[in-house]
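Undergrad: The numbers in my numbering rise by one with no breaks, and the one at position 143 of the sequence shown is 146.
Handing you a structure now.
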Amino acid sequence: MLAATVHDATGTRLPDARVTWSSADPRVVTVDPARGVVRAVSAGTTRVTARVGTVRSSVAMTVVPPPADPAIVESVEIGDIRPLTVGETSRLPARALNAAGAPAPGAVIDWSSSSPEIASVSSEGVVTARAAGTAIIRASAGGRNAARSVTVRAREIATRVDSPVTRPPPAKTEAELRNEIRGVLATYTRAIQSRDTSAIRRVYPTVADAFLTRWQQTFKEATGPIQVTTGTIEVLDVPRDVAGAQVRATYAGRLEFRVGRSDQGGPYTFTATLQRDGGTWKITTLR
Numbered sequence: 004m005l006a007a008t009v010h011d012a013t014g015t016r017l018p019d020a021r022v023t024w025s026s027a028d029p030r031v032v033t034v035d036p037a038r039g040v041v042r043a044v045s046a047g048t049t050r051v052t053a054r055v056g057t058v059r060s061s062v063a064m065t066v067v068p069p070p071a072d073p074a075i076v077e078s079v080e081i082g083d084i085r086p087l088t089v090g091e092t093s094r095l096p097a098r099a100l101n102a103a104g105a106p107a108p109g110a111v112i113d114w115s116s117s118s119p120e121i122a123s124v125s126s127e128g129v130v131t132a133r134a135a136g137t138a139i140i141r142a143s144a145g146g147r148n149a150a151r152s153v154t155v156r157a158r159e160i161a162t163r164v165d166s167p168v169t170r171p172p173p174a175k176t177e178a179e180l181r182n183e184i185r186g187v188l189a190t191y192t193r194a195i196q197s198r199d200t201s202a203i204r205r206v207y208p209t210v211a212d213a214f215l216t217r218w219q220q221t222f223k224e225a226t227g228p229i230q231v232t233t234g235t236i237e238v239l240d241v242p243r244d245v246a247g248a249q250v251r252a253t254y255a256g257r258l259e260f261r262v263g264r265s266d267q268g269g270p271y272t273f274t275a276t277l278q279r280d281g282g283t284w285k286i287t288t289l290r
C-alpha cells in the first residue's frame, strides 16, 4: 500500500484531499485508484502516480520474479542400460532435477515399460529380461520423463560336438588351480557387490532362479553398498589332469550391508564345487 501526503501552496497539510492513483503499465503492476494498494503482476519496471487535481507525483516500482521452487521437477535423467539376456536383471539409475540442476527434493520416480512381456521394470527401477526383443523403459516425475531402449537376447543353449580325438588339457599345479579358483570366486564376489545377477550367472550357469530371487531381495533391501571381505580358499581334493575334473574348495568371508538405519550382515561361510572343462572353471554347486 502506497501513501501520499498533500500540502497546499503554503505548505499546510491537507489530510482530506482526495488522491487518485494510476499505474503507467498495468502489465507490471496494478494499483487501486482510491486506496493506493499496488499488486505485482509480472517482472519489469514501471511508475505509479498519485494525482490531486492537476498536481501529481510518481514513484518507480520494480517487480522481480519469485525464486524457483526447488521441489518442482524440470527434467528427468536416466542412465544407459546394456543388453540383457533372458533371466537377467539390472538396476537402471534415474534422477529428477529442478531448475538449478540439483535433485528435486521429494520427487518420486515412476517406472514403466512399453513391453513388460519382454522387459519389465519394478518401482525401484530394476529391469528384468523376460523374452527376446526390444522394450522402452520410461522414468517419469513431476510431468517430466526420460526413456531408454533395452535389448533382450535369448539365452544361449550350449551344444556339444564330439571330437574323434579327445586330448586332455595340460597338467595343472595346485598353485595354478588355486589361482584359477580365486579368479572365479572374485568374479562372483564382484557380481554380489555390484548387484549384477547376469555376472552371477556367467560364473554359476546352473544357479537356480530361487537363489537369484533371494539375492535380488537382498539387493532391494540394501540401502548402501554391499561389501564382501576377501576370503580364504582351501582345496579339498587333489587335482586330476582330466577333462571335467571336479575339485571342491571352501571360501570363508564376511558380508556387510545396511538396511534402513541399522547395519546388518555377519560372518558366513559357503562351500563351492567347481568343475574344470578344458581351461575354464565354473561353479556347479554353492552351499
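Ideal placement from N, C-alpha and C gives every residue a C-beta, glycine not left out.
With DSSP as the reference, label Glu-159 as helix, strand or coil.
TA: When secondary structure is reduced to three states using DSSP, Glu-159 falls in the coil class, being assigned neither helix nor strand.
Undergrad: Can you say whether Thr-15 is buried or exposed, counting buried as having 16 or more other CB atoms within 10 angstroms of its CB?
TA: exposed
Undergrad: Assuming Ala-202 and Val-153 form a contact by the criterion Cβ under 8 Å, report the distance between their Cβ atoms to the nearest whole angstrom.
TA: Contact doesn't hold; Cβ gap of about 17 Å is too wide.
Undergrad: In its own chain, which residues sit with a C-beta less than 8 Å from the C-beta of Val-89, not counting the 5 before and 5 after it?
TA: Ala-132, Arg-133, Ala-134, Ala-135, Val-155, Arg-156, Ala-157, Arg-158
Undergrad: Who does Gly-136 pair with in a DSSP beta bridge?
TA: Val-155
Undergrad: Inspect the beta-carbon positions of Thr-92 and Thr-200 and report whether they are closer than 9 Å.
TA: yes
Undergrad: Taking buried to mean at least 16 other C-beta atoms within 10 Å of its own C-beta, is Leu-95 buried or exposed?
TA: Burial state of Leu-95 is buried, judged by a 10 Å Cβ sphere holding 16 or more other Cβ atoms.
Undergrad: Indicate whether Leu-5 and Val-34 have their beta-carbon atoms separated by less than 9 Å.
TA: yes
Undergrad: Skipping 5 residues on each side, what residues in its chain have a beta carbon closer than 7 Å to that of Phe-292?
TA: A question about residue 292 goes unanswered here, because the residues of the chain that appear run from 4 up to 290.
Undergrad: Do Val-66 and Ala-46 count as a contact pair if the criterion is CB distance below 9 Å?
TA: yes
Undergrad: Could you say which of Asp-28, Ala-213, Trp-24 lies nearest to Pro-36 if we only look at CA atoms?
TA: Ranked by Cα distance from Pro-36, the options Asp-28, Ala-213, Trp-24 are led by Trp-24.
Undergrad: Using only the alpha-carbon positions, how far apart do Ala-246 and Leu-277 sit?
TA: Because Ala-246 sits at a pLDDT of 49, beneath the cut-off of 50, its placement in the model cannot be relied upon, and the following sentence gives the value as read from the coordinates. Distance between the alpha carbons of Ala-246 and Leu-277: 13 Å.
Undergrad: For Leu-215, which residues in the same chain have their Cβ closer than 6 Å to its Cβ, ignoring the five residues on either side in sequence?
TA: Thr-200
Undergrad: Rounded to whole angstroms, how far is the Cβ of Ala-107 from the Cβ of Ala-99, which I believe are closer than 8 Å?
TA: 5 Å
Undergrad: Can you pull the DSSP bridge partners for Val-58?
TA: Val-55
Undergrad: Just to confirm, are Ala-110 and Gly-82 a CB contact at a threshold of 9 Å?
TA: The criterion of a C-beta distance shorter than 9 Å is not satisfied by Ala-110 and Gly-82.
Undergrad: Roughly how far, in whole angstroms, is the beta-carbon of Ala-20 from the beta-carbon of Val-55, given that I think they are within contact range, below 8 Å?
TA: 5 Å
Undergrad: Evaluate Ser-126 with the Cβ neighbour count: other Cβ atoms within 10 Å of its Cβ, from every protein chain shown; 16 or more gives buried, anything less gives exposed.
TA: exposed
Undergrad: What residue range does the beta strand (DSSP E) around Glu-77 cover?
TA: Element bounds for Glu-77: n/a, residue is neither H nor E.
Undergrad: Just to confirm before moving on: does the CB-CB distance between Val-40 and Ser-26 stay below 9 Å?
TA: Taking 9 Å as the Cβ cut-off, Val-40 and Ser-26 do not qualify as a contacting pair.
Undergrad: What's the gap between the Cα of Ala-275 and the Cα of Ile-184?
TA: A direct Cα-Cα distance of roughly 10 Å separates Ala-275 from Ile-184.
Undergrad: What do you get for Val-124, buried or exposed, if any count of 16 or more other CB atoms within 10 angstroms of its CB means buried?
TA: With 16 or more other Cβ atoms within 10 Å, it is buried.
Undergrad: Three-state secondary structure (DSSP) at Ala-246?
TA: Because the pLDDT of Ala-246 is 49, which lies under 50, any placement of that residue in the model is unreliable, and the number read from its coordinates should be weighed accordingly. Residue state, collapsed to three classes: coil.
Undergrad: If you follow the beta strand (DSSP E) that Ala-42 is part of, which residue opens it and which one closes it?
TA: A small correction: the amino acid at residue 42 is Arg; Ala does not occupy that position in the sequence shown. Segment 41-43, the beta strand (DSSP E) holding Arg-42.
Undergrad: Please classify Leu-17 as buried or exposed, where buried requires at least 16 neighbouring CB atoms within 10 angstroms.
TA: exposed
Undergrad: Find out if the Cβ-Cβ distance for the pair Ser-118, Ala-138 is shorter than 9 Å.
TA: yes
Undergrad: Considering only residues of the same chain and omitting the five flanking positions on each side of Leu-87, which have a CB-CB separation below 8 Å?
TA: Excluding positions up to five away in sequence, the list reads Ser-93, Ala-122, Val-130, Ala-132, Val-153, Thr-154, Val-155, Arg-156, Ser-201.
Undergrad: On the CB-based measure, 16 or more other CB atoms within 10 Å of its CB, does Thr-378 come out buried or exposed?
TA: Because the chain in this structure spans residues 4 to 290, residue 378 falls outside the shown range and cannot be described.
Undergrad: Compare the C-alpha of Ser-205 against each of Thr-190, Gln-219, Arg-217, Val-62 and name the closest.
TA: Residue identity differs from the one stated: residue 205 is Arg in this sequence, not Ser. Checked all of Thr-190, Gln-219, Arg-217, Val-62; the closest Cα to Arg-205 is Thr-190.
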